[in-house]
Amino acid sequence: MKALLITTMLVGLYLQYYYLPQLPDYVAVNFGDGGVPNAWHKKDANVVIGGLSLIVNTVVFLLMPVIFSRFPVRLISFPKREYWLAEERKAQSIRSMSAWMQFFGVFTNCFIIAVTHLVFMANISDPVRLNNDHFFSMIGLYVLVLVVWLKLLYGKFNKIPPQSGLTP
């Protein structure tokens with residue numbers, strides 16, 4: 004999953020670089036009703052911000068194992084945390100949780116890439132206009148995946164395996 008997370012970041016950075024020469028000097032960065040632009044930035048600044056968002060997102064999700072392992076257990080909100088974060092299971096639980104987090108990092112990078120693509124397409128169109136139908140569909144999909152991901156994650160860690168001999 005780490006390789007996929009890094010790959011999505013690299014693809015997103017490549018797309019930023021690919022689109023840069025095609026963009027006007029000033030690009031729309033905020034859109035109001037009907038996808039009409041209402042704020043503009045220099046294209047270089049916009050590409051830097053977009054690239055940094057991918058890099059920061061990737062680094063944060065890659066550092067999850069370190070973050071989880073250094074946090075005091077009492078500060079981690081986790082279903083059945085006494086079981087899953089007991090010393091004998093903590094390392095495996097952190098690896099498992101980190102894989103879940105890295106999946107979500109990949110999905111978030113894909114979302115950033117998709118929104119960035121929409122904004123680039125809006126900026127090279129005449130007139131400049133964001134496709135709100137696609138934009139809101141992407142947001143809806145992101146929220147749906149987030150809800151399903153949280154439900155699956157909670158379901159996995161909210162159960163203590165029967166062979167543990169502990170009462171749920």
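Our numbering applies: residue 4 is where the sequence shown begins, and numbers increase by one.
The C-beta atom is built at its ideal place from N, Cα and C for all residues, glycine as well.
None of these values were measured; they are calculated from a predicted model.
The alpha-carbon separation between Gly-35 and Met-12 amounts to approximately 28 angstroms.
The alpha carbon of Leu-18 has as its nearest neighbour, out of Ala-42, Ser-99, Cys-113, Lys-83, the alpha carbon of Cys-113. Between Ala-117 and Leu-156, the alpha-carbon positions lie close to 25 angstroms from each other. When Cβ pairs closer than 8 angstroms are counted between the two stretches, the segment 22-30 is seen to touch the segment 39-53, the count reaching three or more.
The alpha-carbon separation between Tyr-22 and Met-124 amounts to approximately 9 angstroms. The Cβ neighbour count for Gly-108, taken over all protein chains shown within 10 Å, is at least 16; the residue is labelled buried.
DSSP places Pro-27 in no beta strand (DSSP E); its state is neither H nor E.
The segment 128-148 and the segment 61-71 do not touch, with fewer than three beta-carbon pairs separated by less than 8 angstroms. Between Ser-96 and Trp-87, the beta carbon gap of about 4 angstroms places them in contact (Cβ cut-off 8 angstroms). Annotation for Ala-117: the continuous alpha helix (DSSP H) segment containing it runs 90-126. A distance below 7 angstroms between beta-carbons, with the five flanking residues on each side excluded, links Asn-126 to the following residues of its chain, in chain order: Leu-26, Pro-27, Val-30, Ala-31. Closest option to Val-62, judged by alpha-carbon separation, among Thr-111, Leu-153, Thr-119, Asp-129: Thr-111. Of the residues Ser-72, Phe-71, Phe-106, Lys-83, the one whose Cα lies closest to the Cα of Thr-10 is Phe-106. Boundaries of the beta strand (DSSP E) around Asn-41: 40-45. Shortest Cα-Cα distance from Leu-55 to any of Gly-38, Arg-92, Ile-115, Ala-6 involves Ile-115.
Here Pro-40 is buried. Its C-beta has 16 or more other C-beta atoms within 10 Å.
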